[in-house]
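Undergrad: My structure is below; once you've seen it, I'll send some questions.
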Amino acid sequence: MSLDKGKIDQTKGSIKESVGKATNNESLENEGKQDKVAGKAKEKTEDAKNSVNDAIDKFKQ
């Protein structure tokens, strides 16, 4: 089982954003939003990497 770093960052970002909203901490809220965006980018990059690797594996066969 591998950890999906993108999903972890998105979850962490959601928590920070929620806590920031609840405590009226704009800085924490914005940090959470940034973490979510970074997590989504990591996830898309990993998906693309996996697609390329799958295509390479099919080509090798």
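Per the UniProt record's numbering, the very first residue in the sequence shown carries number 1; after that it's consecutive.
Note that the Cβ used here is the ideal one computed from N, Cα and C, for glycine as well.
1. If you drop the 5 nearest sequence neighbours on each side, which residues of the same chain put their C-beta closer than 7 Å to that of Met1?
2. Quick one: what does DSSP say Asp4 is sitting in, helix, strand or coil?
3. In angstroms with no decimal places, state the Cα-to-Cα distance between Asp54 and Thr45.
4. Tell me the DSSP secondary structure of Asn53 in three-state form.
5. Could you tell me whether the Cβ atoms of Lys21 and Glu31 are closer together than 8 Å?
TA: Checking against the coordinates, here is how it stands:
1. Translated into the one-based positions of the sequence shown, residue 1 becomes position 1. Bear in mind that the predicted position of Met1 carries a pLDDT of just 44, short of 50, making it unreliable; the figure below should be weighed with that in mind. Contacts found: none.
2. Position 4 of the sequence shown, counted from the first residue, corresponds to residue 4. DSSP places Asp4 in coil when its eight states are reduced to three.
3. Against the sequence shown, residue 54 aligns to sequence position 54. Against the sequence shown, residue 45 aligns to sequence position 45. Looking at the two C-alpha atoms, the distance is approximately 14 Å.
4. As a working note, residue 53 is residue 53 in the sequence shown. Three-state result, Asn53: helix.
5. What you label residue 21 is simply residue 21 of the sequence shown in a count that begins at 1. What you label residue 31 is simply residue 31 of the sequence shown in a count that begins at 1. Taking 8 Å as the Cβ cut-off, Lys21 and Glu31 do not qualify as a contacting pair.
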